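The structure under discussion appears below in the form of structure tokens.
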Amino acid sequence: MPLPSAHDVALAAERRTAARLLLAHPLVISTGPHSDTFPLIRRHAEWLAQRFQQVFGYRLLVEASYARLFKAGLGPGAGHRLERPSTGTPFSPRTYAYLALALSVLVTAPEQLLLSQLVADLRAAAVDAGIEIADTGRQAERRTLAAALRQLVDWGVLVETEGHVGTVAEERAGEALLTVDREIARAVVAGPLAQSRDGADLVRRAADPGFGGPRTYVRRRLVETPVVHLDDLTDAEREWLRTRQRREAQAFSELLGLEAEIRAEGIALVDTEDELTDLHLPGTGTVAQAALLLVERLVAHLRPEDPGHPAIGGRLVIGVPVPDGLLPDLLDELIEEYGRRAIWQRGHLEDRDGFLAAVLDLLGRMRLMAPAGPVRADGHGLPEGYEQTVADGRSVTDVSQARGQDRPDGGWILLAAAARYATTVAVKPRTDRSPADDVSEEPPR
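The sequence shown begins at 572 in this note's numbering and counts up one residue at a time.
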């Protein structure tokens, strides 16, 4: 087999760069922070559109000033939330409501309008939609509205021609002149709004892979989540993955530069360049440090006694239930051992329940822990009429009770991937270092 030419290698590298950017940033504008890579998207638009459609069932729209990759959802509990850049605080339902109302106004707005007019139109749209919004004169409400408008600026829907949208959060709201890009406003929403009865129905319909079926859903799940455990998949999805996992690993490596880590419990796609994730563990900050240390303690306490695989006569273990009371006890230990030495945020130390909730939220989004309850293998969150079983009755990996989640009281499950993140903690003696440097975690190997 002849080796690829220098031209072929350069061409593949350009396409991979463009595909990776679109996957990480589904809306790229020509004047935005990724303007240097935008010409690559334009140059390879036809090839990228074909590949995204064939592999993931995603539609790609490339225009002169922006490119929009219309991704699909993955079902309940698998969304990527928006956050306020300044604080990392997740958008509240109220923020999303303001965002949706603003978009509904801007798709037909004039090319330029005043900030005060946009707020007035937004309130009128809420009345028309039967949505009750609080008085925008309240400071908390003004900040929520400002967060939604700033997101629209970041997306390029709004351009701050004079002044800025943040003035809406000030006690005496200032004025601003805004330029509207109606095309981008129309391209923001990707879900099937017109066909959906309510929010829950929208989430289910958005996750429907259509004609691609299990093939398309599994590929989306692999590329959009940190790890896919086998009971995250239906019987039909597991059977398809079992017969294709090596070929799919090669395809993901060529298309996106991702390496597949295949285990008995599931698969993770690893980005060695650490560019294609909005979650970082190990990471900086109090919550990320505590989460990594908590995983280390949990793995030491809860390793399954007899993990195995049905193919060799064992029982597949994907998760282990966390005993009641263990999580707060372990967090208390960590705070005593490391919290003050590492100068963890005082607010977290004073609100232990809130601190634990934030840590569990991060571990849940990383798919290292999960609330006990039904999973996709049980039919949870599937769109109507979706294929669940293998048509010809072929045997598939048995994942029943693989998380040991038969618990009437709920609780949390430590998932198999957590062992990948178990750390070795080194406490360094204090010399002329900052106290914040006293605790370090070796990254997982």
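Just so you know, even glycine gets a beta-carbon here, dropped at the ideal spot from N, CA and C. What you are looking at is a predicted structure, and each value in this text was computed from that prediction instead of being measured.
Nearest-angstrom Cβ-Cβ length linking residue i and residue j, presumed shorter than 8 Å
i: Leu905; j: Val891; result: Actually they do not touch by this definition, with Cβ atoms about 20 Å apart.
i: Arg694; j: Ile704; result: 7 Å
i: Arg965; j: Glu819; result: Arg965 to Glu819, Cβ: 19 Å. No contact.
i: Trp726; j: Val759; result: 6 Å
i: Gly982; j: Asp895; result: 7 Å
Proximity of residue i and residue j at Cβ, strictly below 7 Å
i: Arg721; j: Val736; result: yes
i: Leu985; j: Val893; result: yes
i: Pro780; j: Tyr788; result: yes
i: Tyr669; j: Leu716; result: yes
i: Thr857; j: His919; result: yes
i: Ile755; j: Val728; result: yes
i: Leu865; j: Leu897; result: no
i: Thr666; j: Ala719; result: yes
i: Ala765; j: Phe641; result: no
i: Arg757; j: Val678; result: yes
i: Tyr637; j: Ile612; result: no
i: Ala993; j: Val870; result: yes
i: Leu827; j: Arg591; result: yes
i: Pro1022; j: Val888; result: Given that the chain is displayed from residue 572 to residue 1016, the structure contains no residue 1022 and the question cannot be resolved.
i: Val970; j: Ala948; result: yes
i: Leu672; j: Ala691; result: no
i: Phe662; j: Leu653; result: yes
i: Glu958; j: Gly784; result: yes
i: Val961; j: Asp806; result: yes
i: Ile833; j: Gln816; result: yes
i: Gly646; j: Ala771; result: no
i: Leu939; j: Ala988; result: yes
Neighbourhood of residue i by C-beta, 7 Å cutoff - its chain only, sequence neighbours within 5 removed
i: Ala975; result: Note on residue identity: the sequence assigns Gly, not Ala, to residue 975. The answer, listed in chain order, is Gly890, Val891 and Pro892.
i: Leu847; result: Arg591, Leu594 and Ala595
i: His578; result: none
i: Arg1016; result: With a pLDDT of only 38 at Arg1016, under the threshold of 50, the placement of this residue in the model should not be trusted; the figure read from the coordinates follows. Cβ neighbours of Arg1016 beyond the five flanking positions: none.
i: Pro954; result: Arg775, Arg776, Ala778 and Asp779
i: Gly812; result: Here residue 812 is Leu; the residue named in the question, Gly, does not match the sequence. Contacts found: Val789 and Leu804.
Classification of residue i by the beta-carbon crowding that lies within 10 angstroms, buried from 16 upward
i: Phe609; result: buried
i: Gly644; result: buried
i: Gly854; result: exposed
i: Leu804; result: buried
i: Glu1012; result: Reliability of the predicted coordinates at Glu1012 is poor, the pLDDT of 45 falling under 50, and the value obtained from them is presented with this limitation in mind. Buried is the call here.
i: Ile838; result: buried
i: Glu808; result: buried
i: Gly745; result: exposed
i: Ser576; result: exposed
i: Thr732; result: exposed
i: Val580; result: exposed
i: Thr814; result: exposed
i: Leu574; result: exposed
i: Asp802; result: buried
i: Ala604; result: As written in the sequence, residue 604 is Pro, which differs from the Ala given in the question. Exposed, by the Cβ-count rule.
i: Phe627; result: buried
i: Glu836; result: buried
i: Thr968; result: buried
i: Ala635; result: exposed
i: Ala1007; result: Its pLDDT being 45, under 50, Ala1007 is placed unreliably by the model, and the measurement read from it follows with that caveat. Exposed, since its Cβ has fewer than 16 Cβ neighbours within 10 Å.
i: Arg917; result: exposed
Cβ shell of residue i (< 8 Å), same chain only, five flanking positions each side left out
i: Gly935; result: Ala941 and Pro942
i: His615; result: Glu585, Arg586 and Ala589
i: Trp915; result: Thr857, Gln860, Ala861, Ile906 and Tyr909
i: Ala990; result: Val870 and Arg874
i: Leu850; result: Pro797, Leu933, Arg936 and Met937
i: Leu582; result: none
i: Ser824; result: Glu830 and Ala831
i: Arg1004; result: In this prediction, Arg1004 has a pLDDT of 49, which is less than 50 and means its spatial position is unreliable; nothing more can be read from the coordinates.
6 Å Cβ shell around residue i - same chain, five flanking residues per side excluded
i: Leu793; result: Val799 and Leu840
i: Ala1049; result: The requested residue 1049 is not part of the displayed model; the chain covers only 572 to 1016.
i: Pro554; result: No answer is possible for residue 554: the residues shown for the chain start at 572 and end at 1016.
i: Pro1014; result: In this predicted model, Pro1014 has a pLDDT of only 44, less than 50, meaning its place in the structure is not dependable enough to derive any value.
i: Ala740; result: Arg713, Arg714 and Ala717
heavy atom of the ligand SAM below 6 Å from residue i C-beta
i: Ala673; result: Within the structure as shown, the ligand SAM is missing, as the structure has no ligands at all.
Q.
For the segment 745-754 against the segment 679-686, do three or more pairs of beta-carbon atoms, one drawn from each stretch, fall closer than 8 Å, so that the two count as touching?
A. yes
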